[in-house]
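Only one structure is covered here, and it is reproduced in the block below.
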Amino acid sequence: MTKKRMETLLFDAKNEGSIEAVANILKNGGLAAIPTETVYGLAANAFDAEACANIFKAKGRPGDNPLIVHICNMEMLSDIVEEVPEGAKKLAEKYWPGPLTMIMKKSEKIPDVTSAGLPSVAVRFPSHPVARAIIEKSKLPLAAPSANLSGSPSPTTFEHCVHDLMGRVDAIIDGGASSVGVESTIISFAGEKPVLLRPGYVTLEQLREELGEVEVSHAVLEKLEEGEKVLSPGMKYKHYAPKAKVTLIKADSEEYIKYVNEHAGEGVFALCFDEEAEKLNVSTVCYGSEFSDAQQAEHIFDALRKIDESGAERVFAHSPKATGIGLAVYNRLIRAAGFDVIEL
Ligand code: TXA
Ligand code: MG
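Per the working numbering, residue 5 is the first one in the sequence shown, and the count goes up by one each step.
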């Protein structure tokens, strides 16, 4: 089947008039990839069922995977959710605007296609000045999943978006590289107790400090059973997977380097920490310092894309520590590895 390609307008947020142009495209029911502090998002009017349906088409996203709705002030919430639970108010005060998404009971104004038929909706108030300016200018809540093709690593730069979405969306606007680098932390207030559905820059430790008890969805760290029902539909899909076969290695630096060097060969790559590259006898792609989980988060998706471009066939990825922001990096990498882990 041949897909109809459309003209994609490219903008730079630094240029005068670009924010307004993108806001107008969104007001007219169009799709635009926009920068946020976590990753780039593919935005459309969250109240427009047809525009939201087009997001799914452009990404090749399964229809049962709901979208996150982005706002730029607290007043917008009242049109989107039924009520704001106490815990969500507390977190909003501390972490909004920022890389945190909260799931609450949806209002009737949110079309079923946006929430994929769920009675709840995910909401985020991003801190990125360009994202906020576009929401403000359009005066619309914007539904936006990550602006990648379904299954590939989330985009953290304008170039990543162009690579994935050129000819599939109305506009892409450059706002520089995303500084957080992994998608927002997702916490659900849709059930009895708050549940962490996806780890991110706002850590589990920080959430527990505000709320006390926070459950962790088992899909964060474990592979789901075939047909298993999950709280967050996105968790069941294959994600971030490079074309190469990736194995996650849990080991200290010395053991990791020894193991990889013993398995050196054609097409073998190491996805490693900065400090390890020069001691490895294979091609390397680094994803930050061993000692900085924030740096690892910032670079992980670009590193996964570089692995793909390099033509690697076999990748040994050094596992980050699964604490703090590291839990988010670990969660993405274990999916990129299809849950193939070796513990040394
Ligand atoms: O940082 C981010 O969150 C980025 C930027 C663009 O804001 N967005 C993003 O969206 O990562 P996406 O669609 O790639 O991931 C959204 C995740 C999916 O796993 C989806 O299943 C889950 O959020 N989700 C959305 N609404 C939900 C709901 N009502 N209940 C449970 N999970 C939900
Ligand atoms: Mg995504």
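C-beta atoms are modelled at their ideal positions from N, C-alpha and C, and glycine is treated no differently.
Sequence-distant residues of the same chain with beta carbon closer than 8 Å to residue i, five excluded per side
i	result
Asp68	Ala120, Gly121 and Pro237
Glu217	Lys197 and Pro198
Lys254	Ser323, Val345, Ile346, Glu347 and Leu348
Alpha-carbon spacing of residue i relative to residue j, whole angstroms
i	j	result
Ala281	Leu146	41 Å
Glu24	Ser131	19 Å
Glu112	Ser124	10 Å
Trp100	Leu228	31 Å
Leu71	Ala268	42 Å
Glu86	Ser183	32 Å
Ala47	Glu266	46 Å
Leu348	Ala332	22 Å
Met239	Ser221	10 Å
Tyr263	Glu90	49 Å
Cys276	Ala321	6 Å
Ile304	Thr160	10 Å
His74	Thr40	10 Å
Asn49	Ser257	47 Å
Tyr291	Val134	26 Å
Lys93	Ile191	13 Å
Phe193	Phe295	33 Å
Val185	Lys283	One detail in the question is off: residue 185 reads as Gly in this sequence, not Val. Roughly 27 Å separates the two Cα atoms.
Leu153	Ala62	8 Å
Pro203	Leu81	23 Å
Lys325	Gln300	10 Å
Thr251	Glu79	46 Å
Lys233	Ala223	10 Å
Thr207	Leu169	31 Å
Phe51	Arg172	21 Å
Glu302	Thr42	9 Å
Glu20	Ala96	32 Å
Buried versus exposed, by CB contacts within 10 Å (16 or more), residue i
i	result
Phe162	buried
Leu200	buried
Thr189	buried
Pro149	buried
Phe129	buried
Gly231	exposed
Ser22	buried
Gly195	exposed
Ala212	As written in the sequence, residue 212 is Arg, which differs from the Ala given in the question. Arg212 should be labelled exposed.
Gly155	exposed
Gly102	buried
Residue from the options with nearest C-alpha to residue i
i	options	result
Gly248	Gln299, Gly315, His322 and Gly269	A small correction: the amino acid at residue 248 is Ala; Gly does not occupy that position in the sequence shown. Nearest C-alpha to Ala248: Gly315.
Ala17	Ala326, Gly180 and Asn152	Gly180
Thr260	Pro246, Glu209 and Glu279	Reading off the sequence, residue 260 comes out as Tyr, not Thr. Nearest option by C-alpha distance: Glu279.
Asn285	Asp297, Gly271 and Tyr291	Gly271
Leu104	Glu258, Ala255, Gln210 and Leu337	Gln210
Val289	Asp306, Ser156 and Gln299	Asp306
Tyr205	Arg336, Phe60 and Glu20	Arg336
Met10	Tyr44, Ser142, Gly34 and Arg318	Gly34
Ile38	Met80, Arg136 and Lys93	Arg136
Ala27	Ile177, Thr42, Asp168 and Glu79	Ile177
Pro157	Asp312, Pro203 and Glu317	Asp312
His167	Glu317, Arg309 and Ile338	Arg309
Lys143	Leu225, His303, Arg212 and Asn32	Asn32
Ile138	Val250, Ala326, Leu30 and Glu317	Leu30
Thr12	Tyr291, Cys165, Ala341 and Val43	Cys165
Arg65	Glu294, Ala151, Gly102 and Lys94	Ala151
Asp174	Phe15, Leu225 and Tyr334	Phe15
Ser287	Arg318, Glu302 and Phe60	Arg318
Ile107	Lys98, Val88 and Glu97	Val88
Pro246	Ala341, Val127 and Leu225	Ala341
According to DSSP, residues forming a beta bridge with residue i
i	result
Val345	Leu252
Asp16	Asp178
Met106	Val127 and Ile191
Ser142	Answer is none; Ser142 lacks a bridge partner.
Ala274	Thr288 and Phe320
Glu219	Val199
Ile38	Gly45
Ala349	With the chain covering 5 to 348 only, the question about residue 349 has no answer from this structure.
Val85	Lys110
Cβ neighbours of residue i in the same chain (closer than 7 Å, five flanking residues each side left out)
i	result
Ala53	Pro115 and Val117
Lys98	Glu214
Lys109	Val85, Glu86, Glu87, Pro123, Ser124 and Ala194
Leu235	Ser192, Val199, Leu201 and Ser221
Spatial neighbours of residue i in its chain, beta-carbon cut-off 6 Å, leaving aside the 5 residues before and after
i	result
Asp297	Gly328, Ile329 and Gly330
Glu140	Cys76
Met5	Model confidence at Met5 stands at a pLDDT of 40, short of 50, so the residue's coordinates are unreliable and nothing is read from them.
His243	Arg339
Phe343	Lys227
Ala55	Gly33, Ala48 and Asn49
Tyr44	Ala37, Ala151, Pro159 and Cys165
Ala387	Nothing about residue 387 can be reported from this structure: the residues present for the chain run from 5 to 348 only.
Contact with chain D by residue i, beta-carbon distance below 8 Å
i	result
Glu294	Of the chains in the structure shown, none is chain D; there is only one protein chain.
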